[in-house]
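Residue 109 in numbering that gives the first Met the number 0 sits at position 110 of the sequence shown; the count goes up by one each step and never skips. Cβ coordinates follow ideal geometry from the N, Cα and C atoms, glycine included. Worksheet: one structure, shown below.
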Amino acid sequence: MPEKIKDLIIAVKGAGEMATGTACRLFQSNFKNIFMMETQSPMAVRRQVSFSEAVYDGKIIVEGVQAKKALKTDEFQTIWESDSIPVIIDPDWKSIKEIKPHVVIDAIIAKKNLGTNLLEASLVIGLGPGFEAGKDVHMAIETNRGHNLGRVILKGCPQKDTGIPGNTGGYTYERVLRAPCAGIFHSVLDIGTIVKKEQIVGYVDKTPVKVMIDGIIRGQIRNNTMVADKLKIGDIEPRGNKEYCRTISEKARAIGGSVLETILRKYNN
């Protein structure tokens, strides 16, 4: 335990939308020693609010918080000193053994546990289904939209994945774009574009991808990405506000606040 709580070292598995919302919430609460671990080819849908984009572009800023790509753990300190969050390609989480963080947050949102365990840090937190508080994580966070969103779970599991996207503007599955087949996704429209029902936003090989509702393209995977059949490749925002494309969602913000609560519950005494 460091002398000051703000000096805690926090490791985040994943750097997608929910992980980024969490990291931003912690960073803006003056926890600056955060590092994030990603795969070689992350496939975030909400790319404008996902620190995983630093893997491709070297850096990205989300709501004033900057993340930078790190090639090795030796670079973490320099990136921290530049008031940024390092993102390293580390799908096996080797950085945890090297850095020995005080907190580990599994924010991959894989809907199952890919190997996170209680021995990784003095506080291990799991986001969403697949974790059991008291067994493989110390605390879990409910990620399902609804009455219990963001609830801190000290014993037991978050709700199971329903397979139904959360209701936004009265729409659930209709707002999600999925690959109509396996192949390479080619985008013809950018994030932030206003679209109408049945409009083509891109193609998987030669098969068109059409929107099911009017709205704005809030998120979309990178162009020329190989995708599996039915994979989520985009997200339509039905409320018509372009600002939502580049700001953290209410869900990610709530989850980030809950993670902050778990850290304070453990260390603020």
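- Burial of G218 is indicated by the presence of at least 16 other C-beta atoms within 10 angstroms of its C-beta.
- Contact between the segment 12-24 and the segment 249-259 is present: 3 or more CB-CB pairs across the two stretches fall below 8 Å.
- Per the DSSP secondary-structure output, M17 pairs with nothing in a beta bridge.
- Straight through space, the alpha carbons of E173 and T115 are spaced by roughly 33 Å.
- Distance from the CA atom of A178 to the CA atom of I216, rounded to whole angstroms, is 15 Å.
- For Y172, there is no enclosing alpha helix (DSSP H), as DSSP marks it with neither H nor E.
- Pairing S51 with T72 gives a Cβ-Cβ distance that is not under 8 Å.
- The beta carbons of F34 and A53 sit no closer together than 8 Å.
- In the three-state reduction of the DSSP assignment, D73 falls in the helix class, which pools H, G and I.
- According to the DSSP assignment, T261 belongs to the alpha helix (DSSP H) that extends over 249-266.
- Per DSSP, reduced to three states, the secondary structure at K68 is strand.
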